[in-house]
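Here is the structure we will look at, set down as structure tokens.
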Ligand code: ADP
Ligand code: MG
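Numbering (UniProt numbering), first residue to last: 49 to 305.
What follows is the structure, given as structure tokens:
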């Protein structure tokens, strides 16, 4: 399957497009793919973005179709929106009431539907800020779990405000998910995103990532979609992908720019 990663990578590179095709280039076209209007409006009217970047155009469609994804793209190419749109859409598709309300429908710590793992506190906070802009017309709650802040504080926010999307750093996420007293579990997890995978391994977060993987529900019982992004694709990142990605339903996308 290592070979498969590389062969689909070169196929993607040759075509300069995602292997399954079906590219879209405008955010407003997301609605034709079934993305909820509340999310699309946040992008087109709130953020005022019209055209997708290359990685967004190459991956959003496949991710919306439910495929796992390994995507290689440089920093600054718009990966955050590329994974937040399909992940948030999945949360709304599972709980349509969340799209209709500006308030959380209910606040329970086991409501966590999606987790984004990011190498640094700053990046995690940026991702959460972008996610909060996207969900401003919905009842979806976004929380962070990062080091350097009081564990008790983030736990309280998760418990009392609710949490559907949790964005965090490997250490703190591993800590919360393995602390049975924390009340933070993700039995209904449907999406997982590993951002800047190469950086996470460079910093030496392999053990924490393994801990998180073990603490998550078994994929055989609770199917989930995994999206992995990395600026580079060295062997250790491919190894990480093999642990997390569904080998029978994934796509490899690589941007040329
Ligand atoms: P990456 O994660 O690939 O490093 P980011 O997601 O942080 O990139 O995006 C880089 C910058 O580009 C951010 O300021 C973001 O808001 C902006 N951006 C993302 N997508 C678009 C777009 N389609 N059009 C214009 N700006 C965008
Ligand atoms: Mg990024």
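The beta-carbon is built from N, C-alpha and C at its ideal position, and this holds for glycine as well.
Computed from a predicted structure; not experimentally measured.
Cβ-heavy atom distance, residue i to the ligand MG, below 8 Å
i: residue 127; result: yes
i: residue 175; result: yes
i: residue 97; result: no
i: residue 171; result: yes
i: residue 292; result: no
i: residue 277; result: yes
Proximity test, residue i beta-carbon vs the ligand ADP heavy atom, cut-off 8 Å
i: residue 178; result: yes
i: residue 121; result: yes
i: residue 137; result: no
i: residue 104; result: yes
i: residue 217; result: no
i: residue 248; result: no
i: residue 100; result: yes
i: residue 94; result: no
i: residue 124; result: yes
i: residue 75; result: yes
Cβ pair residue i, residue j closer than 9 Å
i: residue 106; j: residue 289; result: no
i: residue 323; j: residue 165; result: The shown model of the chain, from 49 to 305, leaves out residue 323, and the question about it has no answer.
i: residue 231; j: residue 195; result: no
i: residue 81; j: residue 132; result: no
i: residue 210; j: residue 159; result: yes
Any non-hydrogen atom of the ligand GDP closer than 8 Å to residue i Cβ
i: residue 244; result: With respect to the ligand GDP, the structure shown offers nothing to examine, as its ligands consist of the ligand ADP and the ligand MG.
For residue i, the nearest candidate out of the options (CA to CA)
i: residue 90; options: 168, 181 and 116; result: 181
i: residue 32; options: 94, 79 and 125; result: Nothing in the structure corresponds to residue 32, since the chain is present only between 49 and 305.
Q. When the Cβ atoms of the segment 233-249 are set against those of the segment 75-88, are three or more pairs found closer than 8 Å?
A. no
Q) How about the segment 273-289 and the segment 117-127: do they share at least three Cβ pairs that are nearer than 8 Å? A) yes
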